[in-house]
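Everything in the sequence shown is counted per this note's numbering, starting at 253 for the first residue and increasing by one.
From the three backbone atoms N, C-alpha and C, an ideal C-beta is built for every residue, glycine too.
Only one structure is covered here, and it is reproduced in the block below.
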Amino acid sequence: MVGAIIGAAVGSLLLGAGIGVLVFYFVQRNRVGAAQQEASKLVANAKQEAATYKKEAMLEAKEEALKLKNQTEEEVKERRAEVQRIENRIAQREENLDRKEDALDKKLQAAEDLKAQIESGKQALLNREAELDKKAEGIVKELERVSGLSQEKAKAELVAAIEDSARKEAGNIVRNIEEEAREQGEKKAREIITLAIQKCATDHTAEVTVTSVALPSDEMKGRIIGREGRNIRTIEAATGVDLIIDDTPEAIILSSFDPIRREVAMLTLEKLITDGRIHPTRVEDIVEKVKRDIEKTIKEAGENAAFDAGIFNLHPELIKILGRLKYRTSYGQNVLKHSLETSYIAGLLAGELGADVAIAKRGGLLHDIGKALDFEMEGTHVSIGVDVAKKYKESPEVIHCIEAHHGGVEYKSLEAILVQVADAISSARPGARRESLDAYVKRLEKLEEIATSFKGVQSAYAIQAGREIRIAVKPEEVNDSGMIVLAGEIAKKIESELEYPGQIKVNIIRETRASATAT
253 MVGAIIGAAV
263 GSLLLGAGIG
273 VLVFYFVQRN
283 RVGAAQQEAS
293 KLVANAKQEA
303 ATYKKEAMLE
313 AKEEALKLKN
323 QTEEEVKERR
333 AEVQRIENRI
343 AQREENLDRK
353 EDALDKKLQA
363 AEDLKAQIES
373 GKQALLNREA
383 ELDKKAEGIV
393 KELERVSGLS
403 QEKAKAELVA
413 AIEDSARKEA
423 GNIVRNIEEE
433 AREQGEKKAR
443 EIITLAIQKC
453 ATDHTAEVTV
463 TSVALPSDEM
473 KGRIIGREGR
483 NIRTIEAATG
493 VDLIIDDTPE
503 AIILSSFDPI
513 RREVAMLTLE
523 KLITDGRIHP
533 TRVEDIVEKV
543 KRDIEKTIKE
553 AGENAAFDAG
563 IFNLHPELIK
573 ILGRLKYRTS
583 YGQNVLKHSL
593 ETSYIAGLLA
603 GELGADVAIA
613 KRGGLLHDIG
623 KALDFEMEGT
633 HVSIGVDVAK
643 KYKESPEVIH
653 CIEAHHGGVE
663 YKSLEAILVQ
673 VADAISSARP
683 GARRESLDAY
693 VKRLEKLEEI
703 ATSFKGVQSA
713 YAIQAGREIR
723 IAVKPEEVND
733 SGMIVLAGEI
743 AKKIESELEY
753 PGQIKVNIIR
763 ETRASATAT
């Protein structure tokens, strides 16, 4: 029973499964048919679109081919036109070359003809030259016969005459050039020096060395002398100055070779007179105080001089030595003021002439530095100044300015010459220096004596306060060219044998006189 039931159930299941399979089969077959129909449609559509695309591609290709054909034809036309133009130019050039060749042929032929003419003319000239040579030989022989001179002698005389004439002309030209150069040089130098002096405004008053001290009364002389002369001995020992007390009313004379000592003694006496207390201890105290004040004044004077000259890197010891020139005079001229004035003028001249202004001003300020020490050291103030400048590491250019400012060595720089010129200008200007009458007269006599010692000098006269010597020479013994040599020799002898401030001009006069007697 159960088995039948199970069998019936299994049969039902199998029957349902079969029916399901059949149904699935029929459904799938319908779907496949529909898909095949759809695929057929898609293939048909694709073929139709492909045909359409193919037609369009064929049309585009034809259009592109036609365009390329047209471009190619245009390029071919342009190339053909360019080729035609080139052919035309080549043809034109060939034609021009043909014309030029014809012209060259004609010129060549003309040159050949001209050459033939030149050869013909040359031969004619040679023949003519031969004829002229023969005639010249005949003329020369005839001249030799008439003049009695050979050709060589006549030629030598002609050359000598030409040389003499050329020498005279050359001498005149040289003289004119020298005179013109001298006039122009003097004019330019005068302008530069005048400009420098105008720019340098300094005091022109000559200072006098103080050698006496005024007293309020003659009674003060006794107080200065002191009991048994103890005060005056103390003053002389402390200052190193001799006090001369004579019959001069209300004055004491100070005597010492050192100007700083004289200054110390003078200030000491003035303070003692003002204070009224005069005894050895007081004298020594005041002398020490005055010496300290003098040292301070010397340093300030050196610093002020360097500042006024525009020089700011001097060695401190050089500044002190420079300040000592405040109490040094030369022919009555204060040496510190003279050095400062020389520095100004040298700097102005250097600026006008394009030289080194700093070196010129520094050399001018230090050129007389040796005069601050020439009372203490052996040698001239020039050699002392050179040694001091070397000691304190001054530059070789400045040392040379110091060494050459009196012409003792050969000038090696323009600045050294300008310092020498500025020194002469400062010392030679009116009122700058003075000298005693006896020394002045002796110097003028010596100047005239030196000039008259030369052969050919007729007379000599010192003029312009000894700044010029005017010399008359004998015309039969000294010619024009000899005057220049004589002036130089006299100037050299004056430099070597005579001491003088500034410069001396040697002026030589030669006068030719002729006389005749009418009877």
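Option nearest residue i by Cα separation, candidates the options
| i | options | result |
| --- | --- | --- |
| Ala-712 | Gln-672, Glu-667, Met-735 and Val-758 | Val-758 |
| Phe-509 | Arg-580, Lys-589 and Ala-490 | Arg-580 |
| Asp-608 | Pro-648, Lys-643, Ser-679 and Leu-666 | Leu-666 |
| Leu-577 | Val-650, Gly-599, Leu-274 and Gly-554 | Gly-554 |
| Lys-572 | Leu-265, Lys-551 and Arg-482 | Lys-551 |
| Ala-743 | Ser-733, Glu-700 and Ile-512 | Glu-700 |
| Ala-602 | Ala-668, Glu-569 and Ser-635 | Ala-668 |
| Arg-722 | Lys-745, Arg-341, Ile-756 and Leu-294 | Ile-756 |
| Leu-605 | Lys-643, Leu-670 and Thr-324 | Leu-670 |
| Ser-635 | Tyr-644, Ile-654 and Lys-645 | Ile-654 |
| Asn-565 | Thr-304, Glu-334, Glu-646 and Asn-297 | Glu-646 |
Per-residue DSSP class, three states only, for residue i
| i | result |
| --- | --- |
| Ser-678 | helix |
| Asn-788 | This structure gives no information on residue 788, because the portion of the chain shown stretches from 253 to 771. |
| Ile-476 | helix |
| Gln-710 | strand |
| Asn-731 | coil |
| Ala-458 | Low confidence applies to Ala-458: its pLDDT is 36, below 50, so where it sits in the model is not reliable enough to give any reading. |
| Leu-750 | coil |
| Glu-720 | strand |
| Asp-354 | helix |
| Leu-495 | strand |
| Val-725 | strand |
| Val-758 | strand |
| Val-335 | helix |
| Leu-467 | coil |
| Ser-507 | strand |
| Ser-582 | strand |
| Ala-768 | coil |
| Ala-453 | Low local confidence applies: a pLDDT of 48 at Ala-453 is under 50, so the model's placement there is unreliable, with the coordinate-based value given in what follows. In the structure shown, Ala-453 sits in coil (DSSP, three-state: anything other than H, G, I, E or B). |
Rounded C-alpha distance that separates residue i from residue j
| i | j | result |
| --- | --- | --- |
| Ile-546 | Val-709 | 54 Å |
| Gly-270 | Arg-283 | 20 Å |
| Asp-527 | Thr-486 | 17 Å |
| Glu-326 | Leu-356 | 45 Å |
| Tyr-752 | Arg-695 | 8 Å |
| Glu-383 | Gln-375 | 12 Å |
| Lys-358 | Arg-345 | 20 Å |
| Arg-544 | Ala-676 | 35 Å |
| Lys-698 | Met-629 | 30 Å |
| Ala-739 | Gln-585 | 31 Å |
| Val-673 | Met-735 | 26 Å |
| Lys-314 | Lys-299 | 22 Å |
| Ile-370 | Arg-351 | 28 Å |
| Gly-481 | Glu-720 | 53 Å |
| Ile-496 | Ala-466 | 13 Å |
| Ile-761 | Glu-741 | 15 Å |
| Glu-763 | Thr-769 | 20 Å |
| Glu-409 | Arg-434 | 37 Å |
| Ile-824 | Leu-366 | Outside the shown range of the chain, which is 253 to 771, sits residue 824, and nothing can be said about it. |
| Gly-272 | Arg-281 | 14 Å |
| Leu-267 | Tyr-277 | 15 Å |
| Asn-297 | Ala-303 | 10 Å |
| Glu-330 | Lys-319 | 17 Å |
Contact test: residue i Cβ vs the ligand SAM heavy atom, cutoff 8 Å
| i | result |
| --- | --- |
| Glu-435 | Absence of the ligand SAM from the depicted structure is noted, as is the absence of any ligand whatsoever, leaving it without description. |
Review point. Quick one: any contact between the region 511-524 and the region 558-573, if contact means 3 or more CB pairs under 8 Å?
Key: no
Point to revise | In chain order, each alpha helix (DSSP H) run of at least 4 residues that lies wholly inside the region 514-580 | key: 532-561 and 568-576
Review point. Would you call the region 582-599 and the region 610-630 touching, i.e. three or more CB-CB distances under 8 Å?
Key: Contact between the region 582-599 and the region 610-630 is established, with three or more Cβ pairs separated by less than 8 Å.
Check your understanding: Whole alpha helix (DSSP H) runs in the region 265-290 with 4 or more residues, listed along the chain?
Key -> none
Practice item. Inspect the CB distances between the region 696-705 and the region 727-736 and report whether three or more fall short of 8 Å. Key: no
Practice item. List in chain order: all unbroken alpha helix (DSSP H) runs of 4+ residues lying wholly within the region 585-653. Key: For the region 585-653, whole alpha helix (DSSP H) runs of length 4 or above, ordered along the chain, are 587-605, 609-618 and 633-643.
Check your understanding: Would you call the region 532-550 and the region 475-491 in contact, with 3 or more CB pairs under 8 Å?
Key -> Proximity of the region 532-550 to the region 475-491 meets the contact definition, three or more beta-carbon pairs being nearer than 8 Å.
**Study point:** Sufficient close CB pairs (3 or more, under 8 Å) joining the region 598-618 to the region 637-651
**Key:** yes
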